[in-house]
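Those protein sequence lines, which keep their order, are chains A and B.
The first sequence begins at 78 in the working numbering and counts up by one.
The second sequence begins at 508 in the working numbering and counts up by one.
The C-beta atom is built at its ideal place from N, Cα and C for all residues, glycine as well.
This report concerns only the one structure given below.
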Amino acid sequence: MRITELPDIGTKYELESSEGDKVAVIFLTTGEIELYVLEAGAETPSVTRLTPEEARRVGGVLTGTVLTIEREDVEVTLPEISDRKINIHVYPVTEGMIGKSIADLAIRKRTGVTITAISRRGESIISPPAETVFEAGDMIVAIGEHEQMKACEREVFGSK
Amino acid sequence: MTFLLDLAIVTISCLVLGLVSKHLRQTAIPVYIIAGIFLGKSGFDLITSYDFVEWLGKIGVIFLLFYIGHEFHYKGLKEHGRLLAGCTDFIVNFFAGFSLGLLIGLTLIEAFILASAVYISSSAIVITTLIENKRLIHPEAETVVWLMVFEDIILVILLVVLTSIMVGNSSAIPISLATALLFIVLLLAIIGRLSNFISPLFERDDEIPILLTFALIFGFSAIAHHLGVSVELVAFFLGSALSGVESFKRPFGAIITFKDLFLTIFFFSFGMMLPIELSGLPSANFVIALLTLITLSILGKFVSGAIIGMRVHDSLEKGLIIGAYTTPRGEFSIVLLAVAIGTGVGVSELLSSLVIAYVIILSLIGSSIARYGDKIGKAMAGGINKLTTQAHRYR
C-alpha cells in the first residue's frame, strides 16, 4: 500500500494487485471519497465518487464485517472477535413453547442459543429473565452460532 | 448609495458570464477580466467608484495568498525527483519568458515580471482538470500536483524579490528585504506564542471565530503596509501559521467562500483598471509579440514536461502529458502583475496589456490543451518516436 499526499486534492492510497491491476482510494479534501480501478494494461480507469456513508458500507464489505440478511435472519461476522459467524434470528413462538418459561425449556443449556429479546404486543422485553413465560403471538430474538441456531430450531421451536 | 450600483454591476456581470463559461466547461477567469475591461475605464465606464471595486479586489488577492499559505504542504517535496521536476519547470519557462521580454525591449524588471507570469501555471485550472479527467491514479498526475506545490514556493520567492527590487533605488533593496524577513519571523513567532490563547476562540459558535480571523488578516496586513512590506507575503505566512492551529479548520471554510467571491471581483477590477485603448490595441508589433509569447509559453511547458518525464518517469509520453496539463496560466500571473503594479514604481502599458491578453488567451487555450492532455501527449510522443526512427533509417 502506497500513501501519497496530493496537496489541494487529498490523500491517495494505492495498491497494485498480484494481477497487476491498480486500485486507488482518494480521500478528497471535500470529504468525499474517489475509488479508482485501473485494470492492468488499460488506459482509462473506472472511477466512482462516494459519500462517506457509501464508502463506509463498501469498506465494511471489504473488511469482512458482512451482513447477510435473509428474511428475518441476520448473520454478522465480527473479525475482531472470531472467525465464526454470529447469527441473529427472529422466530415466532411455536405452540409447544406457550406457557413454558425460558428456564423450563432450558434453551441455552440444550442448544447454546441465548434469547436476547421478546417482542410482545408491540413492546420489547430486552434480556428477558429465565423465568419469563412465553405467550401466544410472541416474537423471539435469538442469538448464537450457526450450528447452535440449527439445533435450537430443531429441538426448541420444532418440538410440539 | 452609488456603491450598491457598482456592486450590482460587478456581481451580476460576473454571475452571468461565470454561468455561461461554466456551462461551456471553460475556466471563468478570462471572462471576469473581460467583463471588467468592457464595463470599466477603457470600456463603457459604468463604474462610479473605481477605488471601491479595486479595494474589494485587493482583499481577494490577500485571501488567495492566505488560502495558499494555509494549504501549503512542503513535506513530501523531497520524494523521488519532485525537486528536480520543479527546478526544471522553473528554469525552462522562466528563462523563456525572460529572454523574450528583453527581446521585445522591456526593462530588466519588466522582463522579470513577464517571466514570472510565463512560468507560473494556474493551479486552479490544472487541479480541476486532473480530477475531471480521472488522472489521479497515474503517477504523472502526482508529479503535476507537486509541480503546483513547487510553483507556490517560487511564487513566494518571486513576490519577495519583486516587492524588494521595486522599492525605487537599489540601495533600499537590502533594507526592504530585511524588514520583510524580520516581519515574517515576528509574525510566525507571535502566532506560535498566541496559539494556546486563540485556539479556543476559533471553536466558538458565534461570530468571534470569523471576526478573529479577519482581525488577524487585516491587522497584520495593515502593519505590513505601513512598514512597506508586501501585504500578499504576510497573508501567505499568516495562513501558513494558522494552519498549525488545529481549531482553525472551522472558520477556514468561511474564508474559502470569501476568497472565491473577492477573487472574482479582483479579476473584474483588474480588467476594469486596465488603461488600454481597445481600438488602438492591436498594433502589428503587439500582436506579433503576443503570439510569440503564447507559442513560446506552450512550447516551454512541453519541453520542461518532456525533460521531467524522461528523468522522473522514464517516459517521453508521460512527460508530454505533464507538459499539456501544466500549460494553463491564470490567477497567479495576474496576481504577480497586480502586485508589481501595486508597488507604484510604474509598469509600462505595453507589459500590462501584454500580460492581460496573454492570460486571457492562454487560460482558454491552456485549459483545452490540458483537457485533451492525454491524447495530445500520446500523439506527440508517437510523432516524435516516428521521426526519430525515420531519422535513424535515413542515416
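Assignment of beta-bridge partners to Tyr90 of chain A by DSSP yields A:Ile80 and A:Val102.
Secondary structure note for Tyr168 of chain A: its beta strand (DSSP E) is the uninterrupted segment Ile163 to Pro169.
The segment 184-195 of chain A makes contact with the segment 219-233 of chain A; the number of CB pairs closer than 8 Å reaches 3 or more. If you look at Gly221 of chain A, you'll find it isn't in any alpha helix (DSSP H); it sits in the beta strand (DSSP E) that goes Met216 to Glu222. Scanning the segment 823-892 of chain B for uninterrupted alpha helix (DSSP H) segments of 4 residues or longer gives 823-832, 838-849 and 856-878, listed from N- to C-terminal end.
Of the candidates B:Met508, B:Glu578, B:Gly746 and B:Val862, B:Gly746 places its Cα closest to the Cα of Gly699 of chain B.
Counting along the chain, the unbroken alpha helix (DSSP H) around Ser776 of chain B starts and ends at Lys756 to Met780. Partner residues in the beta bridge of Leu115 of chain A, as assigned by DSSP, are A:Lys99.
Here the alpha carbons of Leu694 of chain B and Gly583 of chain B stand approximately 25 Å from one another.
Distance between Tyr539 of chain B and Leu844 of chain B, taken at the CA atoms: about 16 Å. Val124 of chain A belongs to the set of residues whose beta carbon lies under 8 Å from a beta carbon in chain B. A straight-line Cα-Cα distance of about 36 Å links Arg197 of chain A and Val135 of chain A. The beta-carbon of Glu578 of chain B is placed less than 8 Å from the nearest beta-carbon of chain A. DSSP, reduced to helix, strand and coil, places Arg818 of chain B within a helical segment of the structure shown. In this structure, Leu869 of chain B sits away from Ile815 of chain B, with a CB-CB distance that is not shorter than 8 Å. CA-to-CA, the gap between Thr534 of chain B and Ser528 of chain B works out to about 6 Å.
Under DSSP, Ile202 of chain A forms a beta bridge with A:Ile195.
Within the segment 617-639 of chain B, the residues whose Cβ lies closer than 8 Å to any Cβ of chain A are, in chain order, Ser630, Ile634, Leu637 and Ile638.
In the DSSP annotation of this structure, the continuous segment of the alpha helix (DSSP H) that includes Ser671 of chain B starts and ends at Pro646 to Ile672. Rounded to whole angstroms, Glu109 of chain A and Ser754 of chain B show a C-alpha spacing of 21 Å.
Taking a C-beta distance under 8 Å as the contact criterion, Asn640 of chain B and Arg878 of chain B qualify as a contact pair. Per DSSP, Thr125 of chain A is one residue of the beta strand (DSSP E) stretching across Ser123 to Leu127. The three-state secondary structure of Val752 of chain B, taken from DSSP, is coil. Rounded to whole angstroms, the separation of the alpha carbons of Glu710 of chain B and Ala515 of chain B is 34 Å. Within the segment 511-567 of chain B, the complete alpha helix (DSSP H) segments of 4 residues or longer fall at 536-546, listed in chain order. In summary, Met174 of chain A is buried, with 16 or more beta-carbon neighbours lying within 10 Å of its beta-carbon over all protein chains present. Close to chain B, meaning a Cβ-Cβ distance shorter than 7 Å, is no residue of the segment 163-187 of chain A at all. Looking at the backbone, the Cα of Arg589 of chain B and that of Glu649 of chain B are separated by about 9 Å.
The beta carbon of Leu708 of chain B sits closer than 6 Å to those of Ile715 and Leu719, all from its chain and outside the five residues before and after it, given in chain order. By a beta-carbon distance limit of 8 Å, Val846 of chain B contacts Glu739 of chain B. Their separation comes to about 6 Å. When C-alpha distances from Leu749 of chain B are compared across B:Ile575, B:Leu563 and B:Cys521, the shortest belongs to B:Ile575. One alpha carbon belongs to Phe602 of chain B, the other to Thr635 of chain B, and they sit about 27 Å apart.
A contact is defined here as three or more CB-CB pairs under 8 Å, and the segment 772-781 of chain B meets this definition with respect to the segment 546-558 of chain B. Taking 8 Å as the upper bound for CB-CB distance, Gly137 of chain A and Thr106 of chain A are not in contact here, some 24 Å apart.
Its Cα nearest to that of Leu511 of chain B, the residue B:Ser556 stands out among B:Asp552, B:Arg532 and B:Ser556. Close partners of Tyr113 of chain A in chain B (Cβ separation under 7 Å): Leu643 and Ile644.
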